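Chemist: Residue numbers (this note's numbering): -15 to 982.
Note that the Cβ used here is the ideal one computed from N, Cα and C, for glycine as well.
None of the values given here were measured: they were computed from a predicted structure.
See the structure below:
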């Protein structure tokens, strides 16, 4: 397998990186290990990760690679000097395996403050940071080039000795061939030419139609007019031109895939890549047992190759670690078994000795009498041993079985015949001289009894001892034995979708709903992604986010249920969630949102003017949800099927027939308003506005709206008056009042501007407690005062103070304040300034870019499922994606929990939800496994494999990704939740006990 970059690879990757990364800033630098570093380049809307492995490779990558938590000293240097700097250039030094990345200041690369990051990919490689004069500031490893030259900090990096790419001349070619040895091949000879070593030389020879293994001395004509020379020169010229083009612009990449013998050659699936190339070399075109896979860019080919290689290395290391752990555990287990066997043999031996002594009582008694008599006569120990030996040789019946004297321990050793042994073996037994025969027998029985008790205890503690040893050997941070293959899954990272930078969810009707997380995101969301046919949703609540419903189906209306769910999002991402206040959101079309403020007003970042009618939605219940989507890869036969049952189902409400109105009216307990005057200002869902679309007047038709008795003042009427109004006894026309609507502006304000002024608060409070007659009198008085004021203003020159009359039906909306704290409280006193607008007007026209975005949304939605089918053979799960959405949008989700206002922080709530999902997946796997044991059919086995994959995907959910989408201050509710909590507590308790015992 190809292990490192060649010169041609370096040339190709430099062109690719230049095309993608030039002009981007370094956001951060990470170190994977002491030889591998990752540079994160960003600009608004784009992120590129470039990986540099010293001596091996440099390329952009889409894979998620595990990084060291604590940066190395070299990484700290890189962050210090390159952080937030723009990459202004990248080049290959000559035609060598050296890459120079330039980070210049505005004055130019030769000005102070510019830096170079030089990467070497030959030998052991190196990564070197230099200043604008190429003085080395830091490097991975110092290198001794010669006795007098050392490449280290403070030295100047010499870039003058590089070899440049040159075209091969005729004289140079002939001279090289003439200098070839007698047995030297053409391939080896041409490899000595500068810049054309290795694979390029063979490619040139095959391009010229010659055999690379020809002997130069005997089989090649090296004369000036030789056809071989001519063909070689033509081939060299073609390759030279290809290399020049390769250095100027990105080209395609090629992977050489190794095929199994039993698979068709053109099948690229499940193949292992063995090589990667930026040029389609002749020697790899007809390689046996291989197939060429072409990629759009060389970077994609390299990233795929090293991604699989890294995965294989990771699994190999994990398996090595597993083997080491298994060997240690097996050794531990063998030691335990040997100990049990020794104890068992020992107790049998004690039993046998006791039985033999008991069977030879008279003889043992004679031996004791003999030795005791000799000791009583004060015979020297050495003489006694000599005497016993002499008597044994002479055949004394008492001394014949005495085989040893241990007088220092007051014991004598006897050899007694074992009648149970088939070979007539003798057993050596130590007899204590201080004890009688029967006491010696009893001592051996006591030893046998204690050994037997020890054996039983050892057997009982064997499992516990093994588990403790296993935990000690594996360690806390080591991988579990059963999860080795999980590394491969985690290694191939998921590229985040563009809308995941915002708060988002997919409605029950299959529409993408996006909300800003702060004021900057609100501004970006509306300016970039709000287009014609989209809907803008907001709420008159402090901190409500700007929500955009993306209509990727341009020819259909967005259903009411989607708008209601978007309203839930706007409310639940506001202070209403924390304060537990139920309120309503509203929606408007894209054309009603403007960045142009009225004269004298100023719109801050994330604030917008809403002109015209606001279509209010039903009050939003504070019920949210957290669930899991799955990204799938479908087989060809499933991709061709237009009706996909597993994809997110879309419930269309576009027809808006009267039955839908009735159902929604009953669902939300709303009274449909049929009078035009009531309809214009009533806070009802969008279907009311659609139903009476032809009967509504816009703000162009009238400057003031009529507030009739049937509107808000009706709530303050006495019960008797309301009955009379319904019966027609009181003329609503005669008692109707024209009230000018106050223009409401919601903007980013201080804490002092978060609420209404005390005057307005007291006024609103008094309105709630007065009768309609009192309300009518006050409004008549205000109307007369306003008319007199306008009459007086006509005689005066208008001032640019911004106190002029606003248009009817306008308001300003905002998202969140700086620092991520939510703002957007209603405020009747907008900020005043002499400037009229806060930037260019919004453009909602459908452009080619917006069409691309909506096509991408359609494609993304087609590859997401909410309820994976484990019995589907054509559905391959790739990633699990956490999502936070209104609970009624998660109704059909397989894995979901309900969220209500509470006191759980994000980390605790996400951990609890993940444990619940894993519990459900384990339960599903257990049920399927029991079925699979009864039936070994392929369908059952496929279901088990899919359920295992589903479980691994849920386990691999990234904590940071889950925390990023989760609401704060929640209470989690779901079936089996208490069981999961109890299991978690038991697990923690067992871990603490195990820690104490160890």
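#1: Does DSSP classify residue 727 as helix, strand or coil?
#2: For residue 240 and residue 105, I'd like the C-alpha separation in whole angstroms.
#3: How is residue 837 classed by DSSP in three states: helix, strand or coil?
#4: Just verifying my parser: in three-state terms, what is the DSSP assignment at residue 79?
#5: Measuring straight from C-alpha to C-alpha, what distance separates residue 131 and residue 486?
#6: Given a cut-off of 8 Å, decide if residue 390 and residue 396 are closer than it, judged by their beta-carbon atoms.
#7: Who does residue 14 pair with in a DSSP beta bridge?
#8: Which whole-angstrom value is the C-beta distance of residue 947 and residue 891, which I expect to be below 8 Å?
#9: For the beta strand (DSSP E) containing residue 520, list its first residue and its last residue.
#10: Checking 8 Å against the spacing of the C-beta atoms, do residue 259 and residue -14 come in under that value?
#11: Rounded to the nearest angstrom, what separates residue 488 and residue 76 at their Cα positions?
#12: Going along the chain, which residues of its own chain have a beta-carbon closer than 7 Å to the beta-carbon of residue 711, five neighbours each way excluded?
#13: Sort 370, 903, 563 and 341 by Cα distance to residue 398 and report the nearest one.
#14: Let's see if you can read the secondary structure: which residues bound the beta strand (DSSP E) around residue 261?
#15: Taking residue 121 as the reference, give the member of 64, 517 and 196 with the closest Cα.
#16: Got a sec, what are the start and stop residues for the alpha helix (DSSP H) residue 866 sits in?
#17: From residue 216 to residue 41, what does the alpha carbon distance come to, in whole angstroms?
#18: I'd like the span of the alpha helix (DSSP H) that includes residue 211, first residue to last.
#19: Mind reading off the beta-carbon distance from residue 530 to residue 536? Whole number of angstroms is fine, and I expect it under 8 Å.
#20: Within 10 angstroms of the Cβ of residue 513, are there 16 or more other Cβ atoms? Answer buried if so, exposed if not.
#21: Have a look at 88, 56, 404 and 539 and flag the residue whose alpha-carbon is nearest the alpha-carbon of residue 71.
#22: To test your reading of the DSSP string, which unbroken alpha helix (DSSP H) runs of 4 or more residues are found completely within the stretch 144 to 203?
#23: Tell me the residue span of the beta strand (DSSP E) that contains residue 571.
#24: Is the stretch 153 to 162 touching the stretch 188 to 197, taking contact as three or more C-beta pairs under 8 Å?
#25: Hey, which unbroken runs of the beta strand (DSSP E) at 3 residues or more fall wholly within the stretch 327 to 414?
#26: I believe residue 279 touches residue 236 by the beta-carbon criterion, under 8 Å. Please report the beta-carbon distance rounded to the nearest angstrom.
#27: Taking the alpha carbon of residue 67 as the point to measure from, which residue in 394, 118, 8 and 124 has its own alpha carbon closest?
#28: Hey, how far is the Cα of residue 880 from the Cα of residue 901?
#29: With a cut-off of 8 Å on the beta carbons, I'd call residue 605 and residue 873 a contact; round off their distance for me.
#30: Using 8 Å as the threshold, is the stretch 532 to 552 in touch with the stretch 924 to 937, meaning 3 or more CB pairs across them?
#31: Pull up the CB-CB distance for residue 616 and residue 936, whole angstroms please, since I reckon it's below 8 Å.
#32: Cutting at 6 Å between CB atoms, please list the residues of its own chain near residue 234, excluding the five before and the five after it.
#33: Counting Cβ pairs, one atom from each stretch, are 3 or more of them under 8 Å apart for the stretch 224 to 232 and the stretch 304 to 312?
#34: How many angstroms separate the CA atom of residue 713 from the CA atom of residue 607?
#35: Please tell me whether residue 551 and residue 601 are closer than 8 Å, where the distance is taken between their beta carbons.
#36: Residue 848 and residue 613 look like a contact to me (Cβ under 8 Å); what is the Cβ gap, rounded to whole Å?
Modeler: In terms of the structure at hand:
#1: Taking the first residue of the chain shown as 1, we reach residue 727 at position 743. In this predicted model, residue 727 has a pLDDT of only 37, less than 50, meaning its place in the structure is not dependable enough to derive any value.
#2: If you number the chain shown from 1, residue 240 lands on position 256. If you number the chain shown from 1, residue 105 lands on position 121. Spanning the two alpha carbons is a distance of roughly 22 Å.
#3: By 1-based counting over the chain shown, the position of residue 837 is 853. In the structure shown, residue 837 sits in a helix (DSSP, three-state: H, G or I).
#4: Counted from its first residue, the chain shown places residue 79 at position 95. It is coil, neither helix nor strand.
#5: Here residue 131 refers to the residue found at position 147 of the chain shown. Here residue 486 refers to the residue found at position 502 of the chain shown. When rounded, the distance between both Cα atoms is 59 Å.
#6: Indexing the chain shown from 1 puts residue 396 at position 412. Indexing the chain shown from 1 puts residue 390 at position 406. In contact: residue 396 and residue 390 (Cβ atoms closer than 8 Å).
#7: One-based indexing of the chain shown puts residue 14 at position 30. Note: residue 14 sits in a beta bridge opposite 22.
#8: On the chain shown, position 963 is the one that residue 947 refers to. On the chain shown, position 907 is the one that residue 891 refers to. The Cβ separation is near 6 Å, so the contact holds.
#9: Mapped onto the chain shown, residue 520 falls at position 536. Unbroken beta strand (DSSP E) run through residue 520: 519 to 523.
#10: As a working note, residue 259 is residue 275 in the chain shown. As a working note, residue -14 is residue 2 in the chain shown. Yes, they are a contact pair.
#11: In the chain shown, residue 488 corresponds to position 504, counting from 1. In the chain shown, residue 76 corresponds to position 92, counting from 1. Residue 488 and residue 76: Cα-Cα distance of roughly 43 Å.
#12: For the purposes of this step, residue 711 is taken as residue 727 along the chain shown, with counting starting at 1. Note that residue 711 scores 45 on pLDDT, short of 50, meaning its location in the model is unreliable and no value can be drawn from it.
#13: To locate residue 398, count along the chain shown from 1; it is residue 414. The shortest Cα separation from residue 398 among 370, 903, 563 and 341 belongs to 341.
#14: Locating residue 261 in the chain shown gives position 277, where the first residue counts as 1. Run containing residue 261: 256 to 261, per the beta strand (DSSP E) assignment.
#15: Along the chain shown, one-based indexing puts residue 121 at 137. It is 64.
#16: Within the chain shown, the letter at position 882 stands for residue 866. Run containing residue 866: none in the alpha helix (DSSP H); it sits in the beta strand (DSSP E), 859 to 870.
#17: Residue numbering aside, residue 216 sits at position 232 when the chain shown is read from its first letter. Residue numbering aside, residue 41 sits at position 57 when the chain shown is read from its first letter. Residue 216 and residue 41: Cα-Cα distance of roughly 31 Å.
#18: Position 227 of the chain shown holds residue 211. Per DSSP, residue 211 belongs to the alpha helix (DSSP H) from 211 to 232.
#19: As a first step, residue 530 is located in the chain shown; it is residue number 546 there, counting from the start. As a first step, residue 536 is located in the chain shown; it is residue number 552 there, counting from the start. Contact flag wrong, Cβ pair sits at about 19 Å.
#20: Counting from one through the chain shown, the residue named residue 513 turns up at place 529. Buried, because 16 or more other Cβ atoms sit within 10 Å of the Cβ of residue 513.
#21: Counting from 1 along the chain shown, the entry for residue 71 is found at position 87. Checked all of 88, 56, 404 and 539; the closest Cα to residue 71 is 88.
#22: 154 to 162, 170 to 174, 183 to 191 and 200 to 203
#23: Locating residue 571 in the chain shown gives position 587, where the first residue counts as 1. Looking at the DSSP string, the run of the beta strand (DSSP E) that includes residue 571 is 569 to 573.
#24: no
#25: 386 to 390 and 395 to 401
#26: Your numbering for residue 279 matches position 295 in the chain shown. Your numbering for residue 236 matches position 252 in the chain shown. At roughly 6 Å, the Cβ-Cβ gap stays under 8 Å, so residue 279 and residue 236 are in contact.
#27: If you number the chain shown from 1, residue 67 lands on position 83. Nearest C-alpha to residue 67: 8.
#28: For the purposes of this step, residue 880 is identified with residue 896 of the chain shown, where counting begins at 1. For the purposes of this step, residue 901 is identified with residue 917 of the chain shown, where counting begins at 1. Residue 880 and residue 901: Cα-Cα distance of roughly 8 Å.
#29: Here the question's residue 605 lines up with position 621 in the chain shown. Here the question's residue 873 lines up with position 889 in the chain shown. Actually they are not in contact, since the Cβ atoms of residue 605 and residue 873 sit about 13 Å apart, beyond 8 Å.
#30: no
#31: Reading the chain shown from its first residue, position 632 is the one you call residue 616. Reading the chain shown from its first residue, position 952 is the one you call residue 936. No, residue 616 and residue 936 are not in contact; Cβ-Cβ is about 15 Å, not under 8 Å.
#32: Counted from its first residue, the chain shown places residue 234 at position 250. Hits under 6 Å: -1, 0, 3 and 281.
#33: no
#34: In the chain shown, residue 713 corresponds to position 729, counting from 1. In the chain shown, residue 607 corresponds to position 623, counting from 1. Only weak support is given to the placement of residue 713: the predicted model assigns it a pLDDT of 41, under 50, and the value that follows is read from those uncertain coordinates. Cα to Cα, the separation comes out at about 44 Å.
#35: For the purposes of this step, residue 551 is taken as residue 567 along the chain shown, with counting starting at 1. For the purposes of this step, residue 601 is taken as residue 617 along the chain shown, with counting starting at 1. Yes. Within cutoff.
#36: Looking up residue 848 in the chain shown gives position 864. Looking up residue 613 in the chain shown gives position 629. Going by Cβ atoms, the distance from residue 848 to residue 613 rounds to 5 Å, so yes, they are a contact pair.
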